[in-house]
Every structure is written in C-alpha cells, then in structure tokens.
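The block underneath contains the structure these notes are about, expressed in structure tokens.
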Amino acid sequence: MGDVLVFAEHNGGHFPKTTLIAVNAGLEMARKRGGQAIAVVTGDNASGPAAEIAKYGVSKVIVLEDPRLANDLADAAAQALAGLAKSVNAETILTTATALGKDLMPRLAAKLNAPMASEIIAINDDGTMIRPMYAGNVLATIELEGPVRVVTVRGTAFDAAKPGDTVAPVEKVTPELDPAGLKMEFVAFNAIKSDRPQLTEARIVVSGGRGLKSGENFKTVLEPLVDEMGAAMGASRAAVDAGFVPNDLQVGQTGKVVAPELYVAVGISGAIQHLAGMKDSKTIVAINKDEEAPIFGVADFGLVADLFKAVPEMVEELKKVKH
91 MGDVLVFAEH NGGHFPKTTL IAVNAGLEMA RKRGGQAIAV VTGDNASGPA
141 AEIAKYGVSK VIVLEDPRLA NDLADAAAQA LAGLAKSVNA ETILTTATAL
191 GKDLMPRLAA KLNAPMASEI IAINDDGTMI RPMYAGNVLA TIELEGPVRV
241 VTVRGTAFDA AKPGDTVAPV EKVTPELDPA GLKMEFVAFN AIKSDRPQLT
291 EARIVVSGGR GLKSGENFKT VLEPLVDEMG AAMGASRAAV DAGFVPNDLQ
341 VGQTGKVVAP ELYVAVGISG AIQHLAGMKD SKTIVAINKD EEAPIFGVAD
391 FGLVADLFKA VPEMVEELKK VKH
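Next up, the structure:
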C-alpha cells in the first residue's frame, strides 16, 4: 500500500490550478501504488480550504492548523509535513513545483532523509517516474529507494483534478513544530495586482524577448497585443536580464513553465532555456525578423517580420474583429 500525501497549496483559501494538478498526480500515483491520496492543507484557519479540496477525489483531507503556518514559511511547513508523514506512514509526499513547492520539498526531503524527484512529468505502473533533464532534451526514468519519497510534479504535465460527487472526510491534526527549528520570519507580502490572467494559469500567453529592445517597448508595443488578446504577459530570460521587465514574468527553465492553449513569442530567438518553459503549449506562434531563429523550430505558425510593424498591425486587426 502506497499512500500519497498531497500538499495542497492555497492562496487565501483559493486553490490555483497548480494545486489541482498536484491532486490529480497524487490520485494517479495512489492508484498505481495501491494506496490512498490524502490532501494536506496548512494554515492558521484552514477549515474553508479543506472543505473545498475534499471535493476533488481524495480519500481524506488532513488539516494542520497553527498561526506559524499562516504565511507559507517553508521551514515551518517542512517541520509540520515531516511530522505528519512519520505519523501516517506515507510512502510519497507530493506537490507541484511552484515557487513554494521548490522551496519546501527539498527541506522536507532533508528532514526525512528521503530521496527526492523534481518536476516529474509521468508516473509508470512499476512506481518509477519520468523527469526531463538537460532543458528537456533527455527524459530520464528514475526510481527512488527508501520508505518515503518526496516528489514535485511539473505544472504542465498533468491535467487538473475535477470536483466529484463525493466529499472526503476532514481530520484536524495538531502539527509538530519545534520553535528552535524555525529560522524564517514573515516580514511582509507585497502582491502585484493585475487585471491580466496569471501566467501559469492563462489560456493565452504573449511573451516578449530581447528583440523588443527596451522596457518602454514592452509597454507601448507588446502590452496592447496582450490586452487585446486577453492574455497573460511573459518574457524571455534575456529580456529579464536586460531589465526590461521583472523576473516574475520570466518563462523558461529558470522561470515559469507554461503550457497555454496559445503561446505567442514576440522577438524571442528561442534559446533552449526558453523552449524548455513553453514548448508544451498547444499552439505556438513566433514573430521574429531572423528566419533562422530556433523559435521557428517549435512554432506551429511563424511570421518572419519586423515586430515593430507586425505587432501594431495585429492589434488593429484584432480591434476590427472585436468591433
């Protein structure tokens, strides 16, 4: 029996798509390992989120409530999850490789002295898993040996779980937290407010690269296209490194991994680092004046053109269609 604990990350009681992806991966792993998928919700007052995630096919929801778990500090969450994993004898602890997941799960693996697999994209029937390596150019089949395993899943590799007809029971457990081991302190949370969709959850993503030449051109050239398409905005690492846009917009191996229905790459050459973060998109459109740009190798539609001419023309055509 291989029970799976799924860490259900939530934002003020709201479960993003990335959490529902983790739940679905946990359900699949539990089926193949002959165990149960158990969702774990943490926070100061987590009863509401627990009742919500109980609708998504898990066998049980465990709530770990403590004021020290209110702000998603990774050291506190790792302590609480490690204590829970030992008490329920879980075989696998799993979550999506979000910013929190990447911070939390290696700490948890260290506390449990457990092997870890990062950003898996598939689960085999024999318990082995598949993860990409070398920016996705190699797929490795891996096996983790030990009584407990720690796993993160890539947020584009699994479908999101759907609510079902049954509601799982909810159980409250007092977390084990040693104050001596809590080194992180919550200072402040500065949310970036935007009317645009979140980058990792958007159906359409429009990304700009170094070809835009400046941060001002992101605003005057790219943003009108983003807004006309109702898209989220992304960027290449080159554009971020050049200071054109903040790094929370970065798409790529060292940024966010996205797989929207439509991905539009504007002025992006297509470095392997960037392709690793968006090549699973259902439809890819590339605009670049260099016909030899690697981005055209993964694009479904390519336009060899000057973006400063092509993008405003696209905006005007979209306006005509809307009106």
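Going by the numbering used here, the sequence shown opens with residue 91, and the numbers climb by one from there. Just so you know, even glycine gets a beta-carbon here, dropped at the ideal spot from N, CA and C. The structure presented is a predicted model; accordingly, all values stated were derived computationally and were not measured.
Is it buried or exposed, methionine 223, if we count other Cβ atoms within 10 angstroms and call 16 or more buried? exposed
Residue range of the beta strand (DSSP E) that serine 208 falls in? 206–210
Given that a residue counts as buried once 16 or more other Cβ atoms are within 10 Å of its Cβ, and exposed if not, what is methionine 274? exposed
With a Cβ-Cβ cutoff of 8 Å, do threonine 182 and glycine 102 count as a contact? no
Continuous beta strand (DSSP E) stretch holding serine 297: start and end: 294–298
Using the beta-carbon count (16 or more within 10 Å), is asparagine 214 buried or exposed? exposed
Which residues in the same chain as tyrosine 146 place their Cβ atom closer than 6 Å to its Cβ, once the five residues preceding and following it in sequence are excluded? Val113, Ala251, Pro253
List the residues that DSSP assigns as beta-bridge partners of asparagine 378. Val394
Would valine 295 and leucine 289 be called neighbours here (beta carbons separated by less than 8 Å)? yes
Assuming contact is defined by CB atoms lying nearer than 8 Å, are leucine 171 and leucine 198 in contact in what I supplied? yes
Residue of Leu339, Val316, Gly226 minimising C-alpha distance to arginine 327: Leu339
Could you say which of Lys122, Pro384, Ala144 lies nearest to alanine 366 if we only look at CA atoms? Pro384
Quick one: what's asparagine 101 bridged to in DSSP? His104
Express the C-alpha separation of lysine 122 and leucine 202 in angstroms, rounding to a whole number. 23 Å
With DSSP collapsed to three states, give me the class of glutamine 363. helix
Could you tell me the distance, in whole angstroms, from the CA atom of serine 177 to the CA atom of valine 263? 10 Å
Taking C-alpha atoms, which residue in Pro402, Ala321, Pro259 lies nearest to valine 153? Pro259
So leucine 352 packs on alanine 329, CB below 8 Å; how close in whole Å? Between alanine 329 and leucine 352 the Cβ distance is about 20 Å, and since that is not below 8 Å, they are no contact.
Residue span of the alpha helix (DSSP H) that contains methionine 219, given as start and end: Per DSSP, methionine 219 belongs to no alpha helix (DSSP H); it is in the beta strand (DSSP E), 219–223.
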